[in-house]
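Comments concern the structure below.
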Amino acid sequence: MRARTGNPVDVAVGARIRNLRLRNKLSQTDVAKQLKITFQQVQKYEKGTNRVGASRLSELAKIFGVSVDAFFSEVNTGGNGKMPRRPIDQLTDRHTVRLVEAYEALADRKLKIAIVQLAEQMARCQVK
4 MRARTGNPVD
14 VAVGARIRNL
24 RLRNKLSQTD
34 VAKQLKITFQ
44 QVQKYEKGTN
54 RVGASRLSEL
64 AKIFGVSVDA
74 FFSEVNTGGN
84 GKMPRRPIDQ
94 LTDRHTVRLV
104 EAYEALADRK
114 LKIAIVQLAE
124 QMARCQVK
């Protein structure tokens, strides 16, 4: 049995839900409880395997304190039906979110520059 893949728009909306959930430091269980659904259903929304209905998007918008159109801010299929890979998509990884939050908390501009240079150097040196 092959894994079901979602429509590119559903996948993009799901990624945005995950991004907002992580930014709000909520678990899938936390969101599920507020929506009165299972955490597995939240997982399916985030993966784009299940489509999120309009009323559910409205509930999610209230939970995250955003407007419903925020879920579509990254949607752009480029006419070919496939979602282009964008840097913002990386913000669905909880470690990336933590790194960005820690970086943004730094007040010293020189320290920020040093961290970026270190990360760039590390990326260049990694074994492929």
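Just so it is clear: in the sequence shown, position 24 is 27 by this note's numbering, and no numbers are missing. Where a beta carbon is used, it is the ideal one built from N, C-alpha and C, also for glycine.
Rounded to the nearest angstrom, what separates residue i and residue j at their Cα positions?
| i | j | result |
| --- | --- | --- |
| Ala105 | Lys115 | 10 Å |
| Ala64 | Lys39 | 15 Å |
| Gly84 | Leu25 | Because Gly84 carries a pLDDT of 49, less than 50, the predicted location of this residue cannot be relied on, and the following value inherits that uncertainty. Whole-angstrom Cα-Cα distance: 27 Å. |
| Val103 | Gly68 | 20 Å |
| Gln129 | Val100 | 22 Å |
| Gln124 | Ser58 | 46 Å |
| Ala126 | Phe74 | 31 Å |
| Ala18 | Leu121 | 28 Å |
| Gly9 | Gln44 | 14 Å |
| Val119 | Leu29 | 28 Å |
Exposed or buried, which one is residue i when buried takes at least 16 other CB atoms within 10 Å?
| i | result |
| --- | --- |
| Asp111 | exposed |
| Val34 | buried |
| Ala15 | buried |
| Thr56 | Sequence check: residue 56 is Gly here, not Thr. When all chains shown are included, Gly56 counts as exposed. |
Give me, in chain order, the residues of the same chain whose beta-carbon lies closer than 7 Å to that of residue i; leave out the 5 immediate sequence neighbours on both sides.
| i | result |
| --- | --- |
| Val135 | Because the chain here runs from 4 to 131, residue 135 falls outside it and cannot be looked at. |
| Asn27 | Phe67 |
Which residues in the same chain as residue i place their Cβ atom closer than 6 Å to its Cβ, once the five residues preceding and following it in sequence are excluded?
| i | result |
| --- | --- |
| Asp13 | Gly51 and Arg54 |
| Ile66 | Gln37 |
Suppose the cutoff is 8 Å on Cβ atoms and the five residues either side in sequence are ignored; what does the same chain contact list for residue i look like?
| i | result |
| --- | --- |
| Arg97 | Leu25 |
| Gln31 | Arg24, Phe42, Val45, Gln46 and Glu49 |
For a cutoff of 8 Å on Cβ pairs, would you count residue i as touching chain B?
| i | result |
| --- | --- |
| Asn22 | No chain B is present in this structure, which holds just one protein chain. |
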